Amino acid sequence: MKVPPRGLDGFLASPPTGLRAALIYGPDIGKVKETAGRLARTVVADPSDPFNVAMLDGDEVEADPARLADEAAARSLMGGRRLVWVREARDRAAEAIATALDGPETDTLVIIEGGDLKTGGGLRKLFEANRPDLAAIACYPDDARDLAQLVRDTLRNADIRVSGETVQYLADRLGGDRLATRNELDKLVLLAGPGSTLDLELAMDAIGDSAALAVDTLISAAADGRPEGILPSLDRAFRQGESPIMIQRLALGYFQRLHLAVVRKNAGRNPADAVKSLRPPVFFKAVEPLTRQTARWTSEATARALARLGEAEIHCKSTGYPAEAECGQALIDVARIARLLERGRR
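Start counting at 1 in the sequence shown, then tack on 9, and there's your number in this note's numbering.
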């Protein structure tokens, strides 16, 4: 059975009786690991307990299919339930996993972690079938609403007050990977401290060196109409661990703000004032290039750029789609739109 995103918290808080195994997969590896950890703690208090937890990886299951079946059938010597946790499973392990789960029923829970598995692949086909004892949980990057809620929940649980403006800024800057997002939020909790208020200035200082800023130069190159600078910068971003979805999301956020500034310019403000009016405030290093781009772009052109970036984001989220190539092509297309604007002024 598939576990829908809106039902995930309830599922993890109280897994259904009779659940034998869960496949947790998707492109957001940090969210995969976090979700697997939450489910694991419904079975054992300490997921690192060597007596009640068997840790395997996908290669082991492929090389020795009987190993998983033996672990799934074993009973705890110390009392309580057992957990079998398989990491980095691939579709090649689907047959071995299916065989193990067809064995005698025990109270052992099997958790399978996978990456960005294809629709119709062996593992998803097995776990998405109409079987109440198996569950499939997809982990995709957080959208803006999920990120904002995660920020609010994390800070509220730490007894830290935060304004809506600061929440929006953080939601715009975080989100490529759940684990990285958690790390950044933990840093903010330590900096602010319980009982305090996290203001926008502190958030900007703390997150200013995050992964988001690593691609600002890349996005600005597209907005400046420099397609020749896209691919080298994009290659560096990918080597540093950036994901195509994260880059597309940041580019969309950037051009949404550029579009709003251009609309305000059209209403009579000069470009500098239009940029200064944006909320949350533009990060100080981005003020000059965004002001320059506001003067250059038209609202029709920014609308075209947003449409192309939105299309690319959908493609990048599609399993099996060449996400890195589409990410680069979309940014090059946007840079060409900007270059046409410049030619139109000559």
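By construction, the Cβ of each residue, glycine as well, lies at the ideal position given by its N, Cα and C atoms.
Note that the structure is a prediction, hence the values are computed from the model and not measured.
query: Do you know how far the Cα of R245 is from the Cα of S219?
result: Taking the first residue of the sequence shown as position 1, residue 219 is located at position 210. Taking the first residue of the sequence shown as position 1, residue 245 is located at position 236. In this predicted model, S219 has a pLDDT of only 47, less than 50, meaning its place in the structure is not dependable; the value taken from the coordinates is given anyway. So the two alpha carbons sit approximately 15 angstroms from each other.
- Element boundaries [beta strand (DSSP E), containing G262]: Start at 1 with the first residue of the sequence shown, and residue 262 comes out as number 253. From DSSP, G262 is part of no beta strand (DSSP E) but of the alpha helix (DSSP H) over P253 to N275.
* Asked: Closest to L164 by CA distance: which of K326, L199 and L32 is it?
  -> On the sequence shown, residue 164 is found 155 positions in, with the first residue counted as 1. It is L199.
Check your understanding: Around the C-beta of E322, are 16 or more other C-beta atoms found within 10 angstroms, so that it is buried, or is it exposed?
Key -> One-based indexing of the sequence shown puts residue 322 at position 313. By the neighbour-count rule (16 or more Cβ atoms within 10 Å), E322 is buried.
**Asked** If you draw a straight line from the C-alpha of Y263 to the C-alpha of G238, how long is it?
**Response** Translated into the one-based positions of the sequence shown, residue 263 becomes position 254. Translated into the one-based positions of the sequence shown, residue 238 becomes position 229. Each residue's alpha carbon lies about 18 angstroms from the other.
request  = Run the CB neighbour count on G67, radius 10 Å, all protein chains shown included, and call it buried at 16 or more, exposed below.
outcome  = The count along the sequence shown starts at 1 and reaches residue 67 at position 58. Here G67 is buried, its C-beta having at least 16 other C-beta atoms within 10 Å.
| Boundaries (first-last residue) of the alpha helix (DSSP H) holding M10 | Here residue 10 corresponds to residue number 1 of the sequence shown, with the count starting at 1. No alpha helix (DSSP H) contains M10, which DSSP labels as neither H nor E.
Next item on the list: Mark K196 as exposed unless 16 or more other C-beta atoms lie within 10 angstroms of its C-beta, in which case mark it buried.
Entry: Here residue 196 refers to the residue found at position 187 of the sequence shown. Flag for K196 reads exposed.
| In chain order, which continuous runs of the alpha helix (DSSP H) of length 4 or greater are located wholly inside the region 63 to 146? | As far as the region 63 to 146 is concerned, its whole alpha helix (DSSP H) runs of at least 4 residues are 67 to 72, 74 to 82, 103 to 110 and 131 to 136.
Answer yes or no: the CB of A283 versus the heavy atoms of the ligand FAD, is any distance below 7 angstroms?
-> The ligand FAD is not part of this structure, which contains no ligands at all.
Sorted by chain position, which residues of the same chain lie with C-beta nearer than 6 angstroms to R348's C-beta, five sequence neighbours on each side aside? Locating residue 348 in the sequence shown gives position 339, counting from the first residue. Beyond the five residues adjoining it in sequence on each side, R348 comes within less than 6 angstroms, by CB distance, of G234 in the same chain, given in chain order.
- Query: What's the gap between the Cα of G112 and the Cα of A82?
  - Reply: Here residue 112 refers to the residue found at position 103 of the sequence shown. Here residue 82 refers to the residue found at position 73 of the sequence shown. Here the alpha carbons of A82 and G112 stand approximately 7 angstroms from one another.
Within the region 175 to 202, note down every full alpha helix (DSSP H) run reaching 4 residues or more, in order along the chain. Segments of the alpha helix (DSSP H) lying fully in the region 175 to 202: 187 to 201.
So P289 and Y178 are in contact, right, with Cβ under 8 angstroms, and what is the actual spacing, rounded? Here residue 289 is taken as the residue at index 280 of the sequence shown, counted from 1. Here residue 178 is taken as the residue at index 169 of the sequence shown, counted from 1. With a beta-carbon spacing of about 4 angstroms, P289 and Y178 fall inside the 8 angstroms limit used to define contacts.
- Put L207 into one of helix, strand or coil per three-state DSSP. Taking the sequence shown and counting its residues from 1, one reaches residue 207 at position 198. In the three-state DSSP reduction, L207 falls in the strand class (E or B).
Validate contact between the region 268 to 280 and the region 206 to 216 using beta carbons, cut 8 angstroms, 3 pairs:
The answer is no - the region 206 to 216 does not touch the region 268 to 280, with fewer than three Cβ pairs under 8 angstroms.
Exercise. Have a look at S252 and P236 and give me their C-alpha separation to the nearest angstrom.
Key: Reading the sequence shown from its first residue, position 243 is the one you call residue 252. Reading the sequence shown from its first residue, position 227 is the one you call residue 236. As the crow flies, the alpha-carbon of S252 is around 20 angstroms from that of P236.
List the endpoints of the continuous beta strand (DSSP E) containing I33. By one-based count along the sequence shown, residue 33 stands at place 24. Unbroken beta strand (DSSP E) run through I33: A30 to Y34.
Note to self: Determine whether the beta carbon atoms of L8 and D100 lie at a separation below 8 angstroms.
What the structure shows: One cannot answer for residue 8 here, as it falls past the ends of the chain, which runs 10 to 355.
Problem - CA nearest to the CA of K11, picked from S85, N139, N279 and Q249 - result: What you label residue 11 is simply residue 2 of the sequence shown in a count that begins at 1. That would be N139, whose Cα lies nearest to the Cα of K11.
May I ask you to list the residues that DSSP assigns as paired with R170? The residue given as residue 170 occupies position 161 in the sequence shown. In DSSP, R170 forms a bridge with T206.
**Asked** Just the Cα atoms here: how many angstroms apart are A22 and D186?
**Response** Within the sequence shown, residue 22 is the residue found at index 13, counting from 1. Within the sequence shown, residue 186 is the residue found at index 177, counting from 1. A22 and D186 have their C-alpha atoms some 22 angstroms from each other.
Margin query: Tell me the DSSP secondary structure of T226 in three-state form.
Written below: The count along the sequence shown starts at 1 and reaches residue 226 at position 217. Under the three-state reduction of DSSP, T226 is assigned to helix.
Neighbourhood of E104 by C-beta distance below 8 angstroms, restricted to the same chain and skipping five residues each side: On the sequence shown, residue 104 is found 95 positions in, with the first residue counted as 1. Once the five neighbours on either side are set aside, the close Cβ partners of E104 are P74 and G131.
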